[in-house]
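In the order they appear, the protein sequences are chains Z and U. So in my numbering, spot 76 of the first sequence is number 76, and the numbers just go up one at a time. So in my numbering, spot 304 of the second sequence is number 1304, and the numbers just go up one at a time.
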Amino acid sequence: MQGLTSEEVEHVADLANLVLTEEEKQKFSRQLSDILADIDKIGAANIEEESKILIAPTENHDLYHNDETVESLKKEEIEKNANKTSGDYISVPKALDD
Amino acid sequence: MLIPTIGIEIHVELKSKGKVFSKGKNEFSTYPNTNVTVLDLGYPGILPQLNKEVINMGIAASLAFHAEIAKEMHFDRKNYFYPDLPKGYQITQQKTPIGSNGYIEIERNGVKKKIRIERLHIEEDTCKSIHTEHATLLNFNRAGVPLIEIVSKPDIESAEEAVLYVEKLRETLLYLGISDVKIEEGSMRCDVNVSVHEDGTPFGTKVEIKNIGSISNVGVAINYEIKRQTEMLKNNVKIVEETRRFDDKTMTTIAMRTKETGNDYRYFPEPDLPYIHVNEAWIKKIEEKMPIMPEVLREIYQKLGINEKNINAILSNKKMCDFYEEMRKNMNPIILSNLLTGDIISFMNKNSLEFEDIKLEKNNLGGLVEALERNDISSKQGKEILPILITEGGDYNTLINKLGMKQISDADSLLELVSKVIDENPESVIDFKAGKDRATKYLMGQIMKASRGQANPALVNKLLIEVLENL
């Protein structure tokens, strides 16, 4: 498996709105390449029937809730983990790039 | 000659009680952040649980749009970084949409056309963000509300077809009762892809239009975009693939700022949700509960002899249509349709009422329809009685007697009236003999007046002509 290029790391960082230094790019390029190499080992495993591959790490299936509802979290609980609030809203730095 | 190619993606909010992956309430609230759970907020360590009712609704929608239903499904993560989705991904169905290869049939100028549906899939809605001058404000009431996205094939060739497609889709979902489908309130959202190409050449570069706030503006936006792209090509300007937004003030489309990197959602299967299996028994159960679809009702009404105008008016109001369906089998369906689509709709409009707001007692309306059918009362009298029946309710027969409205259809008493009026108006008799039409009309008016509107007009007319001719 070929490692990730610096451009690919940049692209992934850009998708996550992260600004990386040259040093970080090289470091992450190495680390991400290692991770991908490990994943390739899994991919190389010989599985006869593709349908036996589990997407969810459980053999349970068809688990549902039956349209039940619970009470909402209270205002204080919702705001507890927010850096900033404004009236009843959670406020975050302006994000406008549709 | 340039040919437009149009595809439409529609997001519809489903009306389940709970949200799609949490038990938060799926309810509209005017207060921000009042229907929120930790799952909706996307906290670390959460485990989504699928709402079965959402799958039921997805099956119903797939059946209504003639789509194949996936027998084994899973969900996928669509990864993107934006504050309306704090966990960094949206749970959706990329690989295994619940419905695929369906269609909607539209009819234009008597010609039917199938618009193919590529896929229907279930996903979660994001939270609603409001952009102020310095900040983005988040309201999580909408986060996790179940959505169905319905993607058409690029089979639509004009703005008119697009509007018909959206209307038909909306009507179908309304009859299924799985969504409010109000485009103005955001429970239905339309994104439109438009391109133009020369006949015999490959499709042109497509432009996506978002933010269209009404069904009629779907048509306006498409026509604007066709014109814009046509002019660009005429002037040899290259069309770029981009997303534009519809501006309802200028009725034009405006380019939106786009990220240069483009979309890269890195879809992968959602490992937190196990497989879902839908078997024939489950589908059958949903099928048995399916309401009669408007296209089927239309055919039934046509066979009953209801005119197109009345059919359209009844079908466009689900509550009225339910009422009509319940009532029509026990009485004259044509008279009933005339009452509902004429006097009752105008009463609703005049008083700004919805159909469900008006008191219409089934027995009383039935009595009125029968009386009209038997000619016990005239249609003019019907118009007078109806508002009283609606506003005051009460027993139909008592009301008729109270108003002294029972129509006189007894030939003997009518003949007495006719003779009396003729005696009083000898000049009209001379006019009649001279072949003047208006003489009969005048005499009719006098007789009706003398009977205080209660005489059966058809019978009076017949008797009057007989008497006049024998004079």
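Note that the Cβ used here is the ideal one computed from N, Cα and C, for glycine as well.
Can you pull the chain U neighbours of residue i, defined as C-beta to C-beta under 8 Å?
i	result
residue 62 of chain Z	1274, 1275, 1276, 1277
residue 40 of chain Z	Ordered by position in chain U, no residue passes the 8 Å Cβ test against residue 40 of chain Z, which lies about 16 Å from the chain.
residue 91 of chain Z	1135, 1136, 1137, 1138
residue 78 of chain Z	1033, 1036, 1041, 1140
residue 47 of chain Z	Under the 8 Å cutoff, chain U gives no residues; its nearest Cβ is about 15 Å from residue 47 of chain Z.
Residue i touches chain Z at which residues, Cβ-Cβ below 8 Å?
i	result
residue 1038 of chain U	73
residue 1052 of chain U	64, 65, 66, 67
residue 1074 of chain U	55, 56
Determine whether the Cβ of residue i lies closer than 9 Å to any Cβ atom of chain Z.
i	result
residue 1024 of chain U	yes
residue 1016 of chain U	yes
residue 1088 of chain U	yes
residue 1375 of chain U	no
residue 1264 of chain U	yes
residue 1077 of chain U	no
residue 1317 of chain U	no
residue 1121 of chain U	no
residue 1130 of chain U	yes
residue 1055 of chain U	yes
residue 1360 of chain U	no
Identify the contact partners of residue i in chain U, using a Cβ-Cβ distance below 9 Å as the criterion.
i	result
residue 83 of chain Z	Simply none; closest approach about 11 Å.
With 9 Å set as the bound, which would you pick, yes or no: does the beta-carbon of residue i sit closer than that to a beta-carbon of chain U?
i	result
residue 58 of chain Z	yes
residue 5 of chain Z	no
residue 69 of chain Z	yes
residue 34 of chain Z	no
residue 20 of chain Z	no
residue 66 of chain Z	yes
residue 29 of chain Z	no
residue 43 of chain Z	no
Taking residue i as the reference, give the member of the options with the closest Cα.
i	options	result
residue 1140 of chain U	U/1126, U/1132, U/1436	U/1126
residue 1448 of chain U	U/1415, U/1175, U/1195	U/1415
residue 58 of chain Z	U/1271, U/1179, U/1443	U/1271
residue 1041 of chain U	U/1079, U/1086, U/1016	U/1086
residue 80 of chain Z	U/1093, U/1066, U/1317, U/1043	U/1043
residue 53 of chain Z	Z/62, Z/63, Z/42	Z/42
residue 1079 of chain U	U/1092, U/1072, U/1327, U/1102	U/1092
residue 1097 of chain U	U/1083, U/1052, U/1069	U/1069
residue 1467 of chain U	U/1443, U/1240, U/1032	U/1443
residue 1077 of chain U	U/1328, U/1255, U/1094, U/1067	U/1094
residue 948 of chain U	Z/61, Z/9, Z/7	The requested residue 948 of chain U does not occur in the structure, where chain U is confined to residues 1001 to 1471.
residue 1325 of chain U	U/1135, U/1175, U/1074, U/1081	U/1175
residue 1330 of chain U	U/1219, U/1363, U/1051, U/1132	U/1363
residue 1454 of chain U	U/1441, U/1409, U/1071, U/1322	U/1409
residue 1264 of chain U	U/1349, U/1081, U/1099, U/1059	U/1081
residue 1215 of chain U	U/1237, U/1161, U/1103, U/1250	U/1161
residue 76 of chain Z	Z/88, Z/45, Z/38	Z/88
residue 85 of chain Z	U/1124, U/1134, U/1114, U/1346	U/1134
residue 1365 of chain U	U/1046, U/1382, U/1452	U/1382
Give me the DSSP bridge partner(s) of residue i.
i	result
residue 1188 of chain U	U/1012
residue 951 of chain U	Because residue 951 of chain U is not part of the residues shown, which for chain U are 1001 to 1471, the question remains open.
residue 1210 of chain U	U/1245
residue 1134 of chain U	Its beta-bridge partners do not exist; DSSP assigns none.
residue 1194 of chain U	U/1006, U/1207
residue 1129 of chain U	U/1138
residue 1089 of chain U	U/1079
Kindly give me the distance between the Cβ atoms of residue i and residue j, rounded to whole angstroms, as I take these residues to be in contact under 8 Å.
i	j	result
residue 1199 of chain U	residue 1001 of chain U	6 Å
residue 1192 of chain U	residue 1006 of chain U	6 Å
residue 1152 of chain U	residue 1108 of chain U	Actually they do not touch by this definition, with Cβ atoms about 16 Å apart.
residue 1375 of chain U	residue 1456 of chain U	5 Å
residue 1388 of chain U	residue 1372 of chain U	Actually they do not touch by this definition, with Cβ atoms about 15 Å apart.
residue 1241 of chain U	residue 1004 of chain U	16 Å between Cβ atoms; not a contact.
residue 1403 of chain U	residue 1369 of chain U	Rounded, the Cβ-Cβ distance is 17 Å, inconsistent with contact.
residue 1150 of chain U	residue 1169 of chain U	7 Å
residue 1348 of chain U	residue 1358 of chain U	6 Å
What does residue i touch in chain Z if you count any residue whose Cβ is under 7 Å from its own?
i	result
residue 1336 of chain U	Under the 7 Å cutoff, chain Z gives no residues; its nearest Cβ is about 36 Å from residue 1336 of chain U.
residue 1105 of chain U	Going along chain Z, no residue has its Cβ under 7 Å from residue 1105 of chain U, so there is no contact; the nearest lies around 32 Å.
residue 1035 of chain U	72
Can you pull the chain U residues whose beta carbon is under 7 Å from the beta carbon of residue i, in chain order?
i	result
residue 95 of chain Z	1082, 1083, 1136
residue 16 of chain Z	1081
How would you list, in chain order, the residues of chain Z whose beta-carbon sits under 9 Å from the beta-carbon of residue i?
i	result
residue 1269 of chain U	55, 56
residue 1049 of chain U	63, 64, 65
Shorter than 9 Å from the beta carbon of residue i to some beta carbon of chain B?
i	result
residue 1272 of chain U	No chain B appears in this structure, whose protein chains are Z and U.
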